[in-house]
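Take a look at the structure below.
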Amino acid sequence: MAITKLKPVDVVLVGVGLTGTILGKELADSGLKVVGLERGRMRDTESDFQMPYVHDELKYVRRYELMQDLSRETITFRNAMNETALPMRQLGSFLPGEGVGGAAVHWGGLTWRFLPWDFETRSRTIARYGKDHMAADCTSQDWGVTYEELEPHFDRFEYLYGISGKAGNLKGAIRPGGNPFEGARSREYPNPPLKMPYSSSLFRKTAESLGYKPFPVPTAANSRPYTNEYGATINACVYCGYCQFFACEMGAKASPQTAVLPSLMNNKNFELRTRANVVKINLDSEKKRAVSVTYVDSRGREFEQPAELVLLTSYVFNNVRLMLQSGIGKPYDPDANTGVVGRNYAYQTPSSVTMFFDDKVFNSFMGAGGLAMAIDEFNGDNFDHSGLGFIGGGFFAAGSNGARPIEVRPVPSGTPRWGSGWKKEVAKYFNRSFAITIQGACQSYRTNYLDLDPTYRDAYGQPLLRMSFDRHENETKMSVWLTNKAADIAKAIGPAKMNVNPRTGKYTIVPYQSTHNTGGVAMGADPATSAVNKYLQSWDVPNVFAIGASAFPQNGGYNPTGTVGALTYWALDAIKNKYLKRPGLLV
Amino acid sequence: MKESSGRRRFLKWLGALGAAGSVVQAIPPAAAQSQSHQHAAPPAARGAPMAKSQVLGYLTPVEAEFVEAAVARLIPADELGPGAKEAGVAIFIDRQLAGAWGTMARNYRLGPWPEGTPQQGYQSPLTPQEVYRAAIRETNEFCLKIYSKPFNALNAAQQDQVLRDLDEGRLALQSTRAQLFFNLLLGNTIEGFFSDPIYGGNRDKLGWKLVGFPGVAAVYTGFIDKHNVPYRAQPVGIGDIQQKLAQVDEHGHAVHVLLTRKD
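Residue numbers (the numbering used here), protein chains in the order written: chain Z, 313 to 899; chain H, 5 to 267.
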């Protein structure tokens, strides 16, 4: 079929979600012609996220209304390299978005800064514990960028999304009520914390009595109406409990729709093309420069869009897949431990302790994404890992995200799966339980990587991305240790019963765990071990940048979005103030 | 105290149930009788008049009888109140099977189809529609062989045994793994019991009332920090708002009618 060649533009964005909208807005404002290519449809609050239709658990949580349509595109998965990867035929473990706004439409809103330690995992671990403390096959590494360099960009993203929270370290001074372990921040959060539910208050009281320093989880559910630097107003959260997995009818959960799109769509320099599925980035004959991208629209027409600058701003998987499909950077070879694209894929190691009470009621259906109190004593390297046999950790939190009974109906372990015995416990505990959840980190390993599947194809005939992944001993040991610590707090809270659920055994793609897939286009200071440099710029094709959690060399014990937002502004700063002035590889 | 008021509510509900009850047109008298002997629920539950057949989208009448009998055991009517059958879950499942979910319209459907490891998830070449069709036939064949009756005509203890055998993989089906079918059936039953009534299940919001879930949310800003104070409301469904049977505020959130202790 004939390919229609389009008029060149300055910048093409592949994906119009959290990172793409910010980059589009800033670069269009600076006078560049920007085209945003989005594989899904347009979605906005006024026409798509309205009451009462958005309060529909079946549609959004079980039928994945806002998530990727796997009939067109999925990934294949195997636990180990000696297995045959098979397609993820239905969603489960993680839920990538589809359409304008991406996964930042249905996200939970938790907006953390990774710890200073997270950005220097390898060098700081070796400095404190010696080389043998890291597993031999662990490929976790330093990011090439430090917390101090990212701080202004964390700040900017938090002020863009109107994050509600409480500073714990203001310019080096530890502040009561905040997280004393966080890196120094230049300003207080733009909005105060949300009101706290009963579960969080019980957790806070007990944690304090045990000597911990609890603080409110920073979240993009805004605690009051807030207008950001782009003139967008984000409304106040009403604690409706339909947050994670859902879009916000109030425009109170910060997202591309609420925070950026209103002004972006008014900029004449920006053009959004939806249902535009990019299949390839085309390089010049020397493979040193991207000249255009090829995409297919919803009528099956193929287009070539020439551009000076190509920004990969899609979900982790598509950033990696487009790099591999287009021959940008050397694909990772786990046997030889050479090559970089697909290297350092990591995930999250979530676990929990659920408590059941006979004498307390929690109105568990109320809440907001990220509505919780947390402690950070057991995250990163905030505690001594000597003799523990693992590195990393995770934050503990307790609160109310809004329980809906198809998905969230905790029962004490030992309860039958069905019948009257099951029914009785579901009825008893729906509003009488809450959990301490642990956002466990995940290190990277030689055998955990992404490449192109040799067998399965997407709807466009392109190979699917293949994921080889399992949790290693470090993650299992960490999860057991952390979950036991949480169980000690839970015991002190005094429930009638509790379930202690560390994350052990093989990773399975079946039950929902977390949409925190990371890596594959890891950033770093060394082109032998990173696909992009510290500015998220391809080492091999310098007019391509891959922005997002795909750049994480390993995953921390936090939700990734705050760090993704900071990396976006960090890369933007490098593009605007360095690259555009003198195009070429940044050093 | 608590139990007797629960029982009172159940009996009150039975009275109100009237003709609404079943997907299927009729149950053979003998089977109905044998059921009434076995169920823990009051005999009156079994004797409730069967409704006229509802329109089916995918299931055949024989399959609908199977599904209705199965969901009645998975979430039974008991002293806590009505179960999945009374909540219309069989109709919910029929509609789900007839729609996009039943044909895996948004799932990856290209082969090859090796069975894979448990960690690799759903790898059956059959759609949920096809799984239900094949598994119901094969389970009924098993029941006829062992008990000389189809599943829906077995007594409750026999039905529970067959369901346990499916759940634990002891009953070998030819077309698909028994647990694949059982997990679809159980998952759909829970969905049908707790989803918004617009999908045909959760009739009269029976599932929501059981657990104390208010459905479409109100603004909870004034209530979220009232600690250990139960918020008990008459649940509101999407349809109630569409049909203006429930009040809403300026943003379309439900204005809940709060229940008092006596309700």
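Think of the CB as a built atom: it goes at the ideal place given N, C-alpha and C, for glycine as much as any other residue.
Opposing strand residues paired with residue i [DSSP bridges]
| i | result |
| --- | --- |
| PRO643/Z | VAL653/Z |
| GLY298/Z | Examination of residue 298/Z is not possible in this model, given that chain Z is present from 313 through 899 alone. |
| GLN617/Z | VAL605/Z |
| LEU349/Z | VAL326/Z, ARG585/Z |
| PHE907/Z | With chain Z covering 313 to 899 only, the question about residue 907/Z has no answer from this structure. |
| ASN111/H | Answer by DSSP bridge pairing: none, since ASN111/H is not bridged. |
| ARG390/Z | SER780/Z |
| TYR365/Z | Looking at the DSSP assignment, TYR365/Z forms no beta bridge with any residue, so it has no partner. |
| ILE194/H | In the DSSP output, where bridge partners are listed per residue, ILE194/H has none listed. |
| VAL240/H | GLY219/H |
Chain H contact for residue i (CB, 8 angstroms cutoff)
| i | result |
| --- | --- |
| PRO814/Z | no |
| PHE389/Z | yes |
| GLN402/Z | yes |
| ASP368/Z | yes |
| PRO364/Z | yes |
| MET562/Z | yes |
| ILE486/Z | no |
| TYR376/Z | yes |
Neighbour flag for residue i against chain Z, beta carbons, 8 angstroms
| i | result |
| --- | --- |
| PRO86/H | no |
| ASP208/H | no |
| GLU134/H | no |
| THR107/H | no |
| TYR203/H | yes |
| PHE155/H | no |
| PHE185/H | no |
| GLU172/H | no |
| ASP82/H | yes |
Partners in chain Z for residue i, counting only beta-carbon separations shorter than 9 angstroms
| i | result |
| --- | --- |
| VAL66/H | The contacting residues do not exist; VAL66/H stays about 23 angstroms from chain Z at best. |
| GLU72/H | Neighbours of GLU72/H on chain Z: none; closest Cβ ~15 angstroms, over 9 angstroms. |
| TYR62/H | Simply none; closest approach about 17 angstroms. |
| ARG77/H | TRP730, GLY731 |
Chain H contact residues for residue i, given Cβ-Cβ distances below 7 angstroms
| i | result |
| --- | --- |
| VAL738/Z | VAL215 |
| PRO399/Z | TYR112 |
| GLY343/Z | Result: empty, since nearest Cβ-Cβ is about 38 angstroms, beyond 7 angstroms. |
| SER513/Z | HIS231 |
| PHE677/Z | PHE217, PRO218 |
| GLY553/Z | ALA221 |
| SER299/Z | The displayed coordinates of chain Z run from 313 to 899. Any statement about residue 299/Z would go beyond what the structure contains. |
DSSP state of residue i mapped onto helix, strand, coil
| i | result |
| --- | --- |
| PRO464/Z | helix |
| LYS317/Z | strand |
| PHE708/Z | strand |
| THR767/Z | strand |
| ALA861/Z | helix |
| PRO574/Z | helix |
| LYS56/H | Bear in mind that the predicted position of LYS56/H carries a pLDDT of just 41, short of 50, making it unreliable; the figure below should be weighed with that in mind. Looking at LYS56/H - three-state DSSP - the assignment turns out to be coil, as it is neither helix nor strand. |
| GLY343/Z | coil |
| CYS555/Z | coil |
| CYS450/Z | strand |
| VAL853/Z | coil |
| ILE718/Z | coil |
| GLY806/Z | coil |
| ALA44/H | The predicted model places ALA44/H with a pLDDT of 38, which falls under 50 and marks its position as unreliable, so this point remains unresolved. |
| PRO65/H | helix |
| VAL792/Z | helix |
| ASP82/H | strand |
Member of the options whose CA lies at the smallest distance from the CA of residue i
| i | options | result |
| --- | --- | --- |
| ALA571/Z | TYR659/Z, VAL608/Z, THR531/Z, TYR473/Z | TYR473/Z |
| SER638/Z | THR606/Z, TYR627/Z, GLU620/Z | THR606/Z |
| ASP322/Z | VAL899/Z, TYR891/Z, LEU898/Z | TYR891/Z |
| GLY115/H | ASP171/H, GLY106/H, TYR126/H | TYR126/H |
| ALA182/H | ILE242/H, PHE146/H, PHE217/H, ARG265/H | PHE146/H |
| TYR376/Z | LYS478/Z, PHE406/Z, ARG351/Z, GLY490/Z | PHE406/Z |
| LEU624/Z | THR331/Z, THR316/Z, LYS319/Z | THR331/Z |
| PRO320/Z | ASP449/Z, ALA340/Z, SER342/Z, VAL346/Z | VAL346/Z |
Under 8 angstroms by beta carbon: chain H residues contacting residue i
| i | result |
| --- | --- |
| ASN743/Z | VAL215, GLY216, PRO234 |
| ILE821/Z | GLN123, GLN124, GLY125 |
| CYS754/Z | What CYS754/Z touches in chain H: nothing, since even the nearest Cβ is about 16 angstroms away. |
Chain Z contact residues for residue i, given Cβ-Cβ distances below 8 angstroms
| i | result |
| --- | --- |
| THR180/H | The contacting residues do not exist; THR180/H stays about 14 angstroms from chain Z at best. |
Under 9 angstroms by beta carbon: chain H residues contacting residue i
| i | result |
| --- | --- |
| LYS507/Z | THR225, ILE228, ASP229 |
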